[in-house]
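S.K.: Going down the list, the protein sequences come from chains A and B. One point on numbering: in the UniProt record's numbering, the residue at position 39 of the first sequence is 39, and numbering is uninterrupted. One point on numbering: in the UniProt record's numbering, the residue at position 181 of the second sequence is 181, and numbering is uninterrupted. Quick reminder that beta carbons are idealized off the backbone N, C-alpha and C, glycines included. My structure is below; once you've seen it, I'll send some questions.
2 protein chains.
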Amino acid sequence: MTAAPTAKRADAQRNIQAILDAAAVCLSKDAAASVAEIAQAAGVGRVTLYGHFANRAELIDAAIARAIDEGDAALAAIDLGGDPRTALVRLVRQSWSAIVQIGALMSAGAATLTPERMLELHSRPVSRVEALVRRGQEAGAFRSDLPTTWLVSTLHRIMHGAAEDIDAGRLAAAQAPSAIAATALAAFTPPGHPVPSLEEWS
Amino acid sequence: MTAAPTAKRADAQRNIQAILDAAAVCLSKDAAASVAEIAQAAGVGRVTLYGHFANRAELIDAAIARAIDEGDAALAAIDLGGDPRTALVRLVRQSWSAIVQIGALMSAGAATLTPERMLELHSRPVSRVEALVRRGQEAGAFRSDLPTTWLVSTLHRIMHGAAEDIDAGRLAAAQAPSAIAATALAAFTPPGHPVPSLEEWS
Numbered sequence: 001m002t003a004a005p006t007a008k009r010a011d012a013q014r015n016i017q018a019i020l021d022a023a024a025v026c027l028s029k030d031a032a033a034s035v036a037e038i039a040q041a042a043g044v045g046r047v048t049l050y051g052h053f054a055n056r057a058e059l060i061d062a063a064i065a066r067a068i069d070e071g072d073a074a075l076a077a078i079d080l081g082g083d084p085r086t087a088l089v090r091l092v093r094q095s096w097s098a099i100v101q102i103g104a105l106m107s108a109g110a111a112t113l114t115p116e117r118m119l120e121l122h123s124r125p126v127s128r129v130e131a132l133v134r135r136g137q138e139a140g141a142f143r144s145d146l147p148t149t150w151l152v153s154t155l156h157r158i159m160h161g162a163a164e165d166i167d168a169g170r171l172a173a174a175q176a177p178s179a180i181a182a183t184a185l186a187a188f189t190p191p192g193h194p195v196p197s198l199e200e201w202s
Numbered sequence: 001m002t003a004a005p006t007a008k009r010a011d012a013q014r015n016i017q018a019i020l021d022a023a024a025v026c027l028s029k030d031a032a033a034s035v036a037e038i039a040q041a042a043g044v045g046r047v048t049l050y051g052h053f054a055n056r057a058e059l060i061d062a063a064i065a066r067a068i069d070e071g072d073a074a075l076a077a078i079d080l081g082g083d084p085r086t087a088l089v090r091l092v093r094q095s096w097s098a099i100v101q102i103g104a105l106m107s108a109g110a111a112t113l114t115p116e117r118m119l120e121l122h123s124r125p126v127s128r129v130e131a132l133v134r135r136g137q138e139a140g141a142f143r144s145d146l147p148t149t150w151l152v153s154t155l156h157r158i159m160h161g162a163a164e165d166i167d168a169g170r171l172a173a174a175q176a177p178s179a180i181a182a183t184a185l186a187a188f189t190p191p192g193h194p195v196p197s198l199e200e201w202s
C-alpha cells in the first residue's frame, strides 16, 4: 500500500528536476522561452508542469534558485584563503564558466523577477566574493580607493564580457580564464603598486 | 508655387527628427517600446511615422545610426593625442555618459538588428578607441599581453557597469568618471609596471 505513493513521489521529483534542467537550458539560450517550450524540452505535458509551478515567474525563480544553490556549493569548495591575489586567480579559474552560465539564466530572470528578488537569490555567492575582495583590500593587496561593490561588479563584468567575446569569436575559450584573471588582478592593484604577472599568483 | 513644397519638406524633416528623438528616449527606457508608443511620444500619427520608416527595425536602425553619428562627432572632437594614459582619462571623462546612453539604445537594437549590422553601425567610434589602445600598447604604456579588442571591450564594460551601478544606487554619478578611469588605467597597465594614480594622468 506504500509502494504506489512512493513511486509517485519519485516520479514527481524526476519531473521537477527535468523541468528545472530544461528551464535552465531554454532560458539561457532564449530569455523569452515560453512555458510550453520548456515543458516540451523537459518531455512533460504543460498540465504536469503547471502542477509543480503555478506560473512562468515561479518556474524561473525555482530554476535560478537551484542553479545558484549548485554554484554556491561549488564556490564554497574553492579555497579562498591565503594570499588574496592567489585566491582571486583560483576563484576565476575554477568558477568563471559556471558564473557565466548562471549569468545567462539571471538575465532571463531580470525581465520577470523583481530586482529585490534577484539580489536575494544571488546574495550568498556574491557575499563570498565580496568577503575575499574586502579581505584583500584590508590586507593592502587590493586597492581601497574604490568601493568593494565596484570591484566585485567589475570582476563579474569582466567574466561575462569574456563569454560575450567567446560567442563573438573575438576570444578563444582556452584564453578566457587567463584574460579574466590578468585583467581583474590589474584592476584590483592599488595605485603605485606594480601589476602582478599571472604566473606570480597562480 | 515653391513655398508649399518647401514648407512640406521642412515639416517632414521636423517630424523625422521628432520621431528619432522619441525613439531614442523610448527605446533606451524600454527595449520593447512599440512603434505606437514612439509615435505618441513624438506627437505624430502612426501613418506619418510609417510614411518615413517602413517598419520598427528601420526606425531602430535610423535612431541608432543618428545617435552614433552624433556620438562619433563628439568623440572626434576629443584630443586623443599625447600620452596614451592622459588621452584615456580624457576620453573617459568626456565621453562616458554619451557612450552609456547610446549603449542603452544599442541594447534595444540587439534584439531586432543583425549582429553584423550592429557591428557596422558602431564601427567608426569603436575604431577611434581601438586606435588609442593600440597606440598605447605600441608605446608600452598599455599591456600587450592581452588582445587590443579585449582591452577595448573591457573599457566598454566598465563604462556600462558604472551606469548599472548608478541605477542600482551603488555608485554616485559624480564618482563614476573617476571610478571608470581609475579601473581602466589599472586594467591596461603592463604587468610589472606600477598602477598610475588618477591624479598623475589627468
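(1) Assuming residue 153(A) and residue 161(B) form a contact by the criterion Cβ under 8 Å, report the distance between their Cβ atoms to the nearest whole angstrom.
(2) Could you pull the DSSP bridge partners for residue 147(B) from this structure?
(3) Is residue 119(A) buried or exposed, if buried means 16 or more other CB atoms sit within 10 Å of its CB?
(4) Identify which residue in 6(A), 51(A), 18(A) has its Cα closest to the Cα of residue 66(A).
(5) What's the C-alpha gap between residue 94(B) and residue 41(B)?
(6) Less than 8 Å between the CB atoms is what I'm expecting for residue 134(B) and residue 148(B), so what's the real figure, rounded?
(7) Which residues, in order along the region 147–171 of chain B, keep a beta-carbon less than 9 Å from a beta-carbon of chain A?
(8) If contact means a Cβ-Cβ distance below 9 Å, which residues of the region 176–195 of chain A contact chain B?
(9) According to DSSP, what are the bridge partners of residue 194(B)?
(10) What residue does the alpha helix (DSSP H) around residue 170(A) start on, and which one ends it?
(11) Would you report the Cα separation of residue 165(B) and residue 175(B), rounded to the nearest angstrom?
(12) Apart from the five residues on each side of it in sequence, which residues of its chain come closer than 8 Å, Cβ to Cβ, to residue 46(A)?
(13) Please list, in chain order, the chain B residues whose beta carbon lies closer than 7 Å to that of residue 21(A).
(14) Residue 197(B) versus chain A: which residues are under 9 Å apart at the beta carbon?
(15) Keeping to the same chain, check which residues put their C-beta closer than 8 Å to that of residue 62(B); ignore five residues upstream and five downstream.
(16) So is residue 28(A) buried or exposed if we call it buried at 16+ other beta carbons inside 10 Å?
M.R.: Inspection of the coordinates gives the following:
(1) Within the first sequence, numbered from 1, the residue matching residue 153(A) stands at position 153. Within the second sequence, numbered from 1, the residue matching residue 161(B) stands at position 161. Going by Cβ atoms, the distance from residue 153(A) to residue 161(B) rounds to 5 Å, so yes, they are a contact pair.
(2) Looking up residue 147(B) in the second sequence gives position 147. For residue 147(B), which the question treats as bridged, DSSP gives no partner whatsoever.
(3) For the purposes of this step, residue 119(A) is taken as the residue at position 119 of the first sequence. The residue is exposed, with fewer than 16 neighbouring Cβ atoms inside 10 Å.
(4) Stepping through the first sequence from its first residue, residue 66(A) is reached at position 66. When only C-alpha atoms are compared, the closest one is 18(A).
(5) By one-based count along the second sequence, residue 94(B) stands at place 94. By one-based count along the second sequence, residue 41(B) stands at place 41. If I take the Cα positions, the gap works out to 29 Å.
(6) If you number the second sequence from 1, residue 134(B) lands on position 134. If you number the second sequence from 1, residue 148(B) lands on position 148. The Cβ separation is near 5 Å, so the contact holds.
(7) 147, 149, 150, 151, 153, 154, 156, 157, 158, 160, 161, 162, 164, 165, 168, 170, 171
(8) 178, 179, 182, 183, 184, 185, 186, 187, 188, 189, 190, 191, 192, 193, 194, 195
(9) Within the second sequence, residue 194(B) is the residue found at index 194, counting from 1. For residue 194(B), which the question treats as bridged, DSSP gives the partners 194(A).
(10) Position 170 of the first sequence holds residue 170(A). Taken as a continuous stretch (DSSP letters only), residue 170(A) belongs to no alpha helix (DSSP H), as it is neither H nor E.
(11) Counted from its first residue, the second sequence places residue 165(B) at position 165. Counted from its first residue, the second sequence places residue 175(B) at position 175. The straight-line gap from Cα to Cα measures roughly 11 Å.
(12) Numbered from 1 along the first sequence, position 46 holds the residue referred to as residue 46(A). Answer for residue 46(A): 35, 36, 39, listed in chain order.
(13) By one-based count along the first sequence, residue 21(A) stands at place 21. The premise fails here: residue 21(A) is roughly 26 Å from chain B at the closest Cβ pair, so nothing lies under 7 Å.
(14) In the second sequence, counting from the first residue as 1, residue 197(B) sits at position 197. Within chain A, the residues near residue 197(B) are 145, 191, 192.
(15) Within the second sequence, residue 62(B) is the residue found at index 62, counting from 1. Cβ within range, chain order: 20, 23, 53.
(16) Taking the first residue of the first sequence as position 1, residue 28(A) is located at position 28. The residue in question, residue 28(A), is buried, as its Cβ has 16 or more Cβ neighbours within 10 Å.
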